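Heads up, the thing below is written out as structure tokens.
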Amino acid sequence: MQGAAIMGMNFHLVCPKELNPTDELLNRCKNIAAENGGNILITDDIDQGVKGSDVIYTDVWVSMGEPDEVWKERLELLKPYQVNKEMMDKTGNPNVIFEHCLPSFHNADTKIGQQIFEKYGIREMEVTDEVFESKASVVFQEAENRMHTIKAVMVATLGEF
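Heads up: the sequence shown begins at 1 in the UniProt record's numbering, then just goes up one per residue.
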């Protein structure tokens, strides 16, 4: 969010209110965005948040290392925010793209995906397989670009040789 503010982007964070960033972070980012011609919107309203978007980005709902007790509550909290065709259509942008830093839980084809299905009855978590496998999905290009970005940051920060 802070990077988007620095770049002067219009950044919309759509999430349950319980997961909103702190007021301190939000205010700092809003001020930075205003200085750079951008805008920050935080909302729990999916329609408002995705309207006009060029990119829909999500991440896993439970990170590695978080305790098992988190899963049930997090799944219930975030299920309405699953990226699906309906959400993509709500952007009103036929050229909207989908991004995800990977790995994703978009089906039950992996060991963890199967465990999630067996325990919680969910085959698709943060994104549906339909969106993940669609022409709008640029997740693998994004993953490749991440490697080159990391190399560039390393060169820039390690100094000259």
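For glycine and all other residues, C-beta sits at the position ideal for the given N, C-alpha and C. Since we're looking at a predicted model, the values are computed, not measured.
Nearest to K135 by CA position, among E99, N39, G121, is which residue? E99
Identify whether I122 lies in helix, strand or coil by the three-state DSSP scheme. Reduced to three states, the DSSP call for I122 is coil.
Return the residue from the list I97, S137, N95 that minimises the CA-CA distance to H106. S137
If you check the beta carbons only, do G8 and K51 fall under 9 Å apart? no
With distance defined between alpha-carbon atoms, name the residue in C101, V96, I40, G65 nearest to M147. C101
I need the straight-line Cα distance from F140 to M154, nearest angstrom please. 22 Å
Just checking my contact of I42 with N27 at CB under 8 Å: how many whole Å lie between their CB atoms? Rounded, the Cβ-Cβ distance is 11 Å, inconsistent with contact.
Decide if Q82 is buried, meaning its Cβ has at least 16 other Cβ atoms within 10 Å, or exposed. With 16 or more Cβ atoms within 10 Å of its Cβ, Q82 is classed as buried.
Secondary structure of E86, DSSP reduced to three states: Helix.
Rounded to whole angstroms, what's the CA-CA distance from D44 to N10? Just pull it up for me. 17 Å
CB contact flag (E126, L78, <9 Å): yes
Where R123 and G113 are concerned, what is the direct C-alpha to C-alpha distance, given to the nearest angstrom? 7 Å
Of all the alpha helix (DSSP H) runs that stay within the bounds of the region 121-154, which reach a length of 4 or more residues? 129-132
Beta carbon of N95 nearer than 9 Å to that of D47: Going by C-beta atoms, N95 is not nearer than 9 Å to D47.
By the DSSP assignment, the alpha helix (DSSP H) with N31 in it spans what residues? 23-35
Cβ-based burial, T22 [other Cβ within 10 Å; buried from 16]: exposed
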